[in-house]
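Numbered per numbering that gives the first Met the number 0, the sequence shown spans residues 0 to 189.
Note that CB positions come from ideal geometry on N, CA and C, so glycine has one too.
Input: a single structure, listed below in C-alpha cells.
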Amino acid sequence: MINIVLFGKPGAGKGTQAEFLKEKYNLMHLSTGDIFRFNIKNETDLGKLAKSYMDKGDLVPDEVTIKMLEDTVNKNLDTNGFLFDGFPRTLAQAEELDLFLASKNWKIAATIALEADDEILIHRILERGKTSGRIDDQDEEKIRHRYEEYNEKTAPLMEYYKAQNKFYPVNGIGSIADITERLSNVIKSL
C-alpha cells in the first residue's frame, strides 16, 4: 500500500498530474475538490455545508472534509494505495489523516509538493475559469483569498512532513510530461 499526498496551491497542476500518477502506479485518486463537487451536486448535507464555505472562497472546515474523505476511502478499500489531492490542507487534517490511516495499518509514504510562482498560478486559474464554469476560478480576489488561506493554514504542513522525512518539493513549471517525470522520480526513490 502506497499513500501519497500531492501538495500545492490551487492551480499548481495537482489534478492533471494525479491523473497520470494514478494510472502509472494504479492508485485511487482522491481529490477533495471532486469529493466536494459530488456531495454538492447530490445535495448531501455535507455537500450543502461545504458549498456555503466554498462560495465565500474559504476552506471547508476540517470535520466536514475529513468525514467526506473517510467515507470515500472506506468505499474503496481494495486499491494499491491512495493519491490524496487537496488533502490535507491543515495540520489538524494531517494529524487526523495519520490517525485514520493508522487505524487501517497504513501510512503516508510521501508528500510531494508542486511548487510554482503565485502570479503564474493565478493566471492558470483564471484561464481554467473561462472553461470550467467554476465561479471561484473566475474572480481574482477570491483566488488571492484562497492563497492567503493556503499560506496561513497549509504551508505549516511542509514542516510537519519534513520532520517525518516525507516532504519532496518538485518544480511545477514546465511541460506536463516533464513535471510527470519529476514526480515519478520521487516515487521511484521511495
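The continuous stretches of beta strand (DSSP E) do not include D70, which lies in the alpha helix (DSSP H) extending over residues D61 to N73.
For M27, the enclosing beta strand (DSSP E) has its first and last residue at M27 to S30. For T179, the uninterrupted alpha helix (DSSP H) segment begins and ends at I175 to K187.
When secondary structure is reduced to three states using DSSP, N164 falls in the coil class, being assigned neither helix nor strand. Burial is judged here by how many other beta carbons sit within 10 angstroms of a residue's own beta carbon; S51 has fewer than 16 and is exposed. When secondary structure is reduced to three states using DSSP, E42 falls in the coil class, being assigned neither helix nor strand. A91: member of the alpha helix (DSSP H) spanning L90 to A101, first to last residue.
In the DSSP assignment, A17 falls within the unbroken alpha helix (DSSP H) covering K13 to Y24. Residue pairing for E114: DSSP places it in a beta bridge opposite N170.
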